[in-house]
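Below: the structure, in structure tokens.
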Amino acid sequence: MLKVVSNADEAIRDIQDGMTLMLGGFGLCGLPENCIAALVKKKVTGLTCISNNAGVDDFGIGLMLKQRQVKKMISSYVGENAEFERQLLSGELEVELIPQGTLATRCMAAGYGMPAIFTPAGIGTEVAEGKEVRNFNGKDYLMEMAFDADFAIVKAWKGDRMGNLVYRSTARNFNPVMAMAGRVTIAEVEELVEPGDLDPDHVHTPGIYVHRIFQGVDYEKRIEQRTVRKNI
Amino acid sequence: MLDKEGIAKRIAKEIKDGYYVNLGIGIPTLVANYIPDGINVVLQSENGLLGMGPFPFEGEEDPDTINAGKQTITTLPGSAIFDSAMSFGMIRAKKVNLTILGAMEVSENGDIANWKIPGKMVKGMGGAMDLVASAENIIVAMQHVNKAGESKLLPNCTLPLTGINCVKKIVTELAVLDVLPDGGFKLLERAPGVSVEEIKLATAGKLLIEGEIPEMDT
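Taken in order, these protein sequences are the chains called A and B.
Quick note on numbering: our numbering labels position 96 of the first sequence as 325, and the sequence is numbered without any gaps.
Quick note on numbering: our numbering labels position 108 of the second sequence as 114, and the sequence is numbered without any gaps.
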């Protein structure tokens with residue numbers, strides 16, 4: 230199983246201008262930091278990025294936005310990135326804001342080989358514009374299509390050389406469903422282990438979904454909002 | 007009049023033992039601090055956690071453990087972590103018993119607008135549309151009037167909608183109201199020191215007042 234690559238640069242070697250990428254993470258949590266840095270370094274442009282958020286101005290996808298690498302974002306919430314909001318309001322950046330559950334489920338559909346899903350999210354709102362509505366058991370649902378992404382780039386806690394992945398805490402979020410959905414899936418992990426080190430019962434993403442895996446380095450794991458409670 | 011804490015405290019009274027609850031950003035997160043003693047509640051965080059606990063102590067923050075508002079949190083015994091598809095799956099399949107969220111506007115037939123101010127605030131809807139489209143029990147925490155004194159409980163929402171015919175109950179700084187299935191706000195309780203007249207003036211949508219309206223028990 231020649232899935233192991235040395236680093237992010239090698240992992241993203243064939244990502245080209247104009248491609249559609251899925252990027253895991255929720256806020257700044259569970260971000261594929263090494264691959265994002267490599268994409269920034271490689272300066273690929275014209276990208277369509279499917280990711281729940283856009284990071285902040287100097288971390289996450291915000292770094293790619295600063296370099297104008299993103300042509301279109303498909304996200305559910307972009308509130309924490311001022312540059313993003315500016316590019317959106319000025320028309321420089323094409324944005325599709327979609328409900329978070331729809332985003333997750335369209336990834337899931339791709340990974341489960343289903344061409345479309347039905348969800349009530351967005352019925353009666355601008356999200357429903359141009360979409361087919363079907364009624365099931367007296368309730369209206371929107372038909373939403375499975376995503377088609379050239380690459381899915383995910384971050385996991387541990388992975389083995391066969392591509393099996395385990396995630397940690399809420400850094401899991403979109404990573405498992407995106408891992409299943411990319412035509413090619415790249416996984417960066419905090420610890421690369423040998424086959425047999427991971428208990429099969431505890432694997433979150435079976436290696437069949439993962440094409441390239443590498444041991445990541447220097448994770449910043451930035452905290453977006455450090456909130457604490459007092460010791461009484 | 008109630009302040010934010012007061013609104014949160016009143017909403018917390020609606021939570022029943024054994025409930026799975028999703029709390030939105032803003033005033034709803036404060037509800038967690040007022041869950042009545044002796045009842046068991048599991049808080050769902052839409053980014054993939056059941057069993058959300060309080061903020062960590064200083065020095066114990068875990069960057070991998072955050073809530074839907076991107077704040078560092080802890081997990082309680084009996085927690086479970088899952089991915090984003092399962093998270094919204096359990097919401098859509100109505101396993102979450104109660105959703106509490108904020109609003110900019112609510113209409114008399116239960117429409118809610120809480121995600122976009124065209125040209126000014128276009129941050130995105132996050133999980134709000136999924137929550138309002140699926141939850142059977144939706145309580146809104148909101149200001150009754152805006153800073154200019156204009157009512158936010160309207161005949162029709164003017165802002166882009168998050169969902170239609172979905173809000174069941176509203177708690178504001180002035181009142182507790184139900185949204186009736188046939189349309190209209192039904193006044194249930196007055197906030198301390200607030201008169202029915204004040205509430206009438208603050209409500210642009212159809213308001214039903216039946217009998218003596220009690221003052222909130224605080």
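For every residue, glycine included, the Cβ atom is placed at its ideal position computed from N, Cα and C.
Any chain A beta carbon closer than 7 Å to residue i
i             : result
residue 58/B  : no
residue 13/B  : no
residue 53/B  : yes
residue 90/B  : yes
residue 67/B  : yes
residue 70/B  : yes
residue 35/B  : no
residue 139/B : yes
residue 77/B  : yes
residue 62/B  : yes
residue 223/B : no
Sub-7 Å separation of residue i and residue j beta-carbons
i             : j             : result
residue 389/A : residue 426/A : yes
residue 524/A : residue 278/A : The requested residue 524/A is not part of the displayed model; chain A covers only 230 to 461.
residue 381/A : residue 410/A : yes
residue 303/A : residue 325/A : yes
residue 305/A : residue 130/B : yes
residue 241/A : residue 264/A : yes
residue 464/A : residue 250/A : Absent from the model: residue 464/A. The displayed extent of chain A is 230 to 461, so no value can be given.
residue 457/A : residue 88/B  : no
residue 106/B : residue 138/B : no
residue 197/B : residue 36/B  : no
residue 14/B  : residue 33/B  : yes
residue 219/B : residue 174/B : no
residue 404/A : residue 383/A : yes
residue 431/A : residue 396/A : no
residue 136/B : residue 97/B  : yes
residue 417/A : residue 445/A : yes
residue 116/B : residue 185/B : yes
For residue i: DSSP bridge partner residues
i             : result
residue 277/A : 249/A, 301/A
residue 494/A : Only positions 230 to 461 of chain A appear in this structure, which leaves residue 494/A out of reach.
residue 93/B  : Answer is none; residue 93/B lacks a bridge partner.
residue 385/A : 418/A
residue 28/B  : 50/B, 105/B
residue 204/A : Because chain A here runs from 230 to 461, residue 204/A falls outside it and cannot be looked at.
residue 376/A : Note: residue 376/A sits in no beta bridge, so no partner.
residue 192/B : 184/B, 214/B
residue 348/A : 371/A
residue 127/B : 123/B
residue 335/A : Its beta-bridge partners do not exist; DSSP assigns none.
Span separating the alpha-carbon of residue i from that of residue j
i             : j             : result
residue 156/B : residue 211/B : 12 Å
residue 47/B  : residue 451/A : 30 Å
residue 328/A : residue 385/A : 24 Å
residue 206/B : residue 213/B : 7 Å
residue 167/B : residue 391/A : 46 Å
residue 438/A : residue 311/A : 35 Å
residue 255/A : residue 70/B  : 10 Å
residue 95/B  : residue 443/A : 31 Å
residue 346/A : residue 334/A : 8 Å
residue 258/A : residue 387/A : 16 Å
residue 53/B  : residue 350/A : 17 Å
residue 313/A : residue 294/A : 7 Å
residue 448/A : residue 57/B  : 27 Å
residue 355/A : residue 316/A : 21 Å
residue 366/A : residue 102/B : 20 Å
residue 169/B : residue 199/B : 33 Å
residue 274/A : residue 296/A : 9 Å
CB contact below 7 Å: residue i versus chain B
i             : result
residue 354/A : yes
residue 350/A : yes
residue 337/A : yes
residue 429/A : no
residue 467/A : Residue 467/A cannot be examined here, being either before or after the span of chain A that is shown, 230 to 461.
residue 307/A : yes
residue 381/A : no
residue 402/A : yes
residue 435/A : no
residue 366/A : no
residue 460/A : yes
residue 272/A : no
residue 457/A : yes
residue 387/A : no
residue 450/A : yes
Min CB distance residue i to chain E below 7 Å
i             : result
residue 266/A : Here the protein chains are A and B, and chain E is not one of them.
message = Please list, in chain order, the residues of the stretch 317 to 333 of chain A that have any C-beta partner in chain B closer than 9 Å.
response = 317, 318, 324, 326, 327, 328, 329, 330, 331, 332, 333
ask   = If contact means a Cβ-Cβ distance below 9 Å, which residues of the stretch 81 to 114 of chain B contact chain A?
value = Answer set for the stretch 81 to 114 of chain B: 81, 87, 88, 89, 90, 91, 92, 93, 94, 95, 97, 98.
The stretch 164 to 188 of chain B: positions lying closer than 7 Å to chain A by Cβ = 166, 167, 168, 169, 170
request  = Residues of the stretch 398 to 423 of chain A with a CB closer than 8 Å to any CB of chain B: list them in chain order, please.
outcome  = 398, 399, 400, 401, 402, 403, 404, 405, 406
ask   = If contact means a Cβ-Cβ distance below 9 Å, which residues of the stretch 242 to 257 of chain A contact chain B?
value = 255, 256, 257
Near-chain A residues of the stretch 115 to 137 of chain B (beta-carbon distance less than 8 Å), N- to C-terminal order = 117, 125, 128, 129, 130, 131, 132, 133, 134, 135, 136
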